[in-house]
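*Asks:*
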Amino acid sequence: MGSLESSAIAQVTVDVVVGFGAKVDPSKSVHMDIEVTADGQVFDVSDTVIVVSNWIAYQADFPASPVINTFDIGSNYTYQIMVENIAVEKLPGGGTQAVDIMDSITVSFNGLSGWTITSEDPAWDPLQGGVLNGLSAGQTYIWDIKVTLSSKVKAGSAVLDFQASGTDPNDPLGFPYYQPFGMMSIPVSASEMFGIKIDGAGSRTVDLSAGASIADWTVRVTNLGNTDDDFTINWDSQGVPSGWNLNVDTSGPMVTDSISWNGFYEFDVVLSIPGDALAGSTATFSMSAASNGDSSQTASQEFTAVVDQHYGVTLTVDSDSKENKPGEDVDFIFNITNTGNGQDNYILSVSGPAVWNPVLSQNVSSINAVSVSQFTLTVSIPSDRDAGASSGDIVVTVVSSDGVSTANSTVSVMSSQVYDIGLDHVSGSDGAVSVTQETQILLKLNVTNNGNGIDTLNLTMTNAPSWASLGADTMQIGRGQTQALTITLSPDAAALSGRDYTFQVVVTSADGSEYTSPDFTANIEVKETSGGGEVEVEEIESDDGDSTPGFGLVASLLALTTLVVLRRRA
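If you're matching positions, the sequence shown starts at 1216 in my numbering and goes up one per residue.
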């Protein structure tokens, strides 16, 4: 063989003639040992097999390899597969001659994902491959086959192997024969292709009812190419509001790890949203990625986060309880606070005793997020209420437009005491009397409580002479009650006769209000001294004995005038 350069390959063809009728092993193979001597060293090739067959199948360039073509998806190249009838018979005089064979021969593609084999030859079946039923003596049958890269395969070299098999109808055992691999191998190469896909983006709704929250996405960058690749990712975060934070560095490009073909790279994108973001607030940002193997291969995704509206309300009032006079109104000032994060419309209602007529200033209130609005509750105190009378619970309720969020507040109103005292002369009297020195006369003043509660009165006189005195310094009087106050006149001898003494009674109510009675006038008469005898004082009351209804008090509504009659005994 001569010498071989380093890494060179030499092929050796061994021809073996098997005579017709020779007995061979049923496996139709004979093992052969080959020795190769080089530079004084002997190398054994002990696994060589000699196969006994009537035919051989091979690609047209065998034993050489065909030119390695590089395929893009959809491209194709044509090759030839040949089946040669090598059967001979020995002639009686020596030598051999070719003979016909009846073998049924099939050549099929063993299959490699992404590659498709077709032929326009009618003897090539799309499913079974090439099928021959016998060959003429010395005939070589040639199939033109078209190899197409029909789908993505890993970039680089691959070998397409074809399998030839056959059965000899004259073989009494009928075992099928499978030709060893190697004679119909077609080396091919798939060109590099690049591609990218991004998944995982989209829109998120953010609930801030419990405070600050996040929106998150799991982003997957898939290598759609057929070779390892890495990708450069750029971010556009201009649509993210101030105070919202992304967990990715958007200041510059980021490069993924190397991703194998058909592989992917995943990472999480987290957007933090502050708790005070308003309903409808939106963040938009995007990412774009490009293959570093082919920058024309790009993909992009857009992310959106929208703050959902949540609802809430609080209700406060300037006072839980107020009071005023009967017949007057009381106003309560309420503050509604929208604790939600969006504009809301609230329904206002009030329940309470109808006789106190609780009325709201409005029944609907529209309030912006985290804002406050006021309304007024007016309660009218019935004019006939006693001091200290209470309205009982008056409940104001506020309901949010979501129908769930609500707040209420309970208030009450008390009737305050009204102080009003009336002072009048008794019926039939104008307050003017004549009194004789060193005698005594009793006057009475009607004191009426026109207020709505019990009153405690302090009683004094003004401008009164020293000989005039009141029957009491204090008086407790019920609502609507009239009591008679006694004024005693006891002029002494020093009292000037012929003079009129005019004075008044001053009544001070428990609230400090002062009331002055109509004038009382006393005219002094000179005492008669003739006839001697004892002076007798007699009290005579008028016959107006009706008492105030409902009170059963000692004093009548009309104080009684006491008359003093002086009689001289003989």
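Heads up, the beta-carbon is just placed ideally off N, CA and C, and yes, glycines get one too.
What is the DSSP secondary structure of A1622, counted as helix, strand or coil?
*Replies:* Strand.
*Asks:* Tell me the DSSP bridge mates of M1408?
*Replies:* Partner(s): none; M1408 has no beta bridge.
*Asks:* Tell me, which residues are paired with H1640 by DSSP?
*Replies:* DSSP, once it has assigned bridges, lists L1660 as partnering H1640.
*Asks:* Give every residue of the same chain whose Cβ lies closer than 6 Å to the Cβ of T1677, excluding the five residues on either side of it in the sequence, and list them in chain order.
*Replies:* Counting only Cβ-Cβ distances below 6 Å, and skipping sequence neighbours, we find Q1719, V1721.
*Asks:* Tell me the rounded alpha-carbon separation between N1664 and D1715.
*Replies:* So the two alpha carbons sit approximately 31 Å from each other.
*Asks:* Taking the beta carbon of Q1589 as the centre, do at least 16 other beta carbons fall within 10 Å, making it buried, or is it exposed?
*Replies:* Exposed, by the Cβ-count rule.
*Asks:* Between which two residues does the beta strand (DSSP E) carrying E1543 extend?
*Replies:* From DSSP, E1543 is part of no beta strand (DSSP E); its letter is neither H nor E.
*Asks:* Excluding the 5 residues preceding and the 5 following T1591 in the sequence, name in chain order all residues of the same chain whose CB lies nearer than 8 Å to its CB.
*Replies:* Only D1546, F1547, I1548, F1549, L1575, S1576 meet the Cβ criterion.
*Asks:* If we count Cβ pairs, one from each stretch, closer than 8 Å, do we get three or more for the segment 1365 to 1376 versus the segment 1334 to 1349?
*Replies:* No, the segment 1365 to 1376 is not in contact with the segment 1334 to 1349.
*Asks:* Spatial neighbours of P1384 within its chain, please: CB distance less than 6 Å, with the 5 preceding and 5 following residues excluded, ordered by chain position.
*Replies:* Cβ neighbours of P1384 beyond the five flanking positions: M1317.
*Asks:* Can you give the beta carbon distance from G1508 to G1417, rounded, assuming they're within the 8 Å contact cut?
*Replies:* 28 Å between Cβ atoms; not a contact.
*Asks:* Which one of L1423, A1373, I1411 has the shortest CA to CA distance from S1400?
*Replies:* Ranking L1423, A1373, I1411 by Cα distance to S1400 puts A1373 first.
*Asks:* Can you tell me the Cα-Cα spacing of A1425 and S1328, whole angstroms?
*Replies:* Computed Cα separation, rounded: 54 Å.
*Asks:* Leaving out the 5 sequence neighbours to the left and right, which residues in its chain are closer than 6 Å to D1376 when beta-carbon positions are compared?
*Replies:* Within the same chain, D1376 has close Cβ partners N1325, F1396, S1400.
*Asks:* Taking the continuous beta strand (DSSP E) assigned at H1740, which residues delimit it?
*Replies:* Here residue 1740 turns out to be Glu, not His, going by the sequence shown. Element bounds for E1740: 1735 to 1740.
*Asks:* Can you give the Cα-Cα distance for T1519 and F1500, rounded to whole angstroms?
*Replies:* Computed Cα separation, rounded: 7 Å.
*Asks:* Tell me, please, which residues DSSP counts as bridged to G1371.
*Replies:* DSSP lists A1405 as partners of G1371.
*Asks:* Would you mind listing the beta strand (DSSP E) stretches within the segment 1445 to 1530 that are 3+ residues and don't spill past its ends, in chain order?
*Replies:* Complete beta strand (DSSP E) runs here, min 3: 1446 to 1454, 1479 to 1488, 1497 to 1506, 1513 to 1522.
*Asks:* Determine the extent of the beta strand (DSSP E) in which W1682 is found, giving its start and end residues.
*Replies:* First-last for W1682: undefined, no H or E at that position.
*Asks:* How many Å lie between V1579 and T1731 at the Cα?
*Replies:* When rounded, the distance between both Cα atoms is 52 Å.
*Asks:* Taking all protein chains shown into account, decide if S1630 is buried (16 or more other Cβ within 10 angstroms of its Cβ) or exposed.
*Replies:* Classification for S1630: buried.
*Asks:* Could you please give the first and the last residue of the uninterrupted beta strand (DSSP E) stretch that includes G1349?
*Replies:* That run of the beta strand (DSSP E) goes 1344 to 1350.
*Asks:* What is the DSSP secondary structure of D1279, reduced to helix, strand or coil?
*Replies:* The displayed chain sequence assigns Ala, not Asp, to residue 1279. Coil at A1279, not helix or strand.
*Asks:* Classify T1311 as buried or exposed, calling it buried when 16 or more other Cβ atoms lie within 10 Å of its own Cβ.
*Replies:* Result: exposed.
*Asks:* In whole angstroms, what is the alpha-carbon distance linking D1443 and S1510?
*Replies:* The alpha-carbon atoms of D1443 and S1510 are separated by roughly 14 Å.
*Asks:* Identify whether V1720 lies in helix, strand or coil by the three-state DSSP scheme.
*Replies:* Three-state DSSP puts V1720 in a strand.
*Asks:* Distance check for S1606 and E1787, CA to CA, integer angstroms please.
*Replies:* The structure shown does not extend to residue 1787, since the chain is modelled only from 1216 to 1785, so the question has no answer here.
*Asks:* How is A1569 classed by DSSP in three states: helix, strand or coil?
*Replies:* In this structure, A1569 counts as helix in the three-state DSSP scheme.
*Asks:* Leaving out the 5 sequence neighbours to the left and right, which residues in its chain are closer than 7 Å to P1541 when beta-carbon positions are compared?
*Replies:* Hits under 7 Å: I1596, P1597, S1598, D1599, R1600, S1630, V1633, N1667.
*Asks:* For a quick check, are the C-beta atoms of T1433 and D1483 less than 8 Å apart?
*Replies:* Yes, these two residues count as a Cβ contact at 8 Å.
*Asks:* State the Cα-Cα distance for the pair S1221 and T1321, rounded to the nearest angstrom.
*Replies:* Cα to Cα, the separation comes out at about 39 Å.
*Asks:* Would DSSP call R1714 helix, strand or coil?
*Replies:* It is coil, neither helix nor strand.
*Asks:* Take I1562 as the anchor and find which of G1618, S1428, R1435, A1737 has the nearest alpha-carbon.
*Replies:* It is G1618 whose Cα lies nearest to the Cα of I1562.
*Asks:* Output the distance between the C-alpha atoms of Y1480 and G1458, rounded to the nearest integer angstrom.
*Replies:* If I take the Cα positions, the gap works out to 29 Å.
*Asks:* Please state whether the Cβ-Cβ distance between T1697 and T1671 is less than 8 Å.
*Replies:* Their beta carbons are not under 8 Å apart, which means T1697 does not touch T1671 by this criterion.
*Asks:* Is K1659 buried or exposed, if buried means 16 or more other CB atoms sit within 10 Å of its CB?
*Replies:* With 16 or more Cβ atoms within 10 Å of its Cβ, K1659 is classed as buried.
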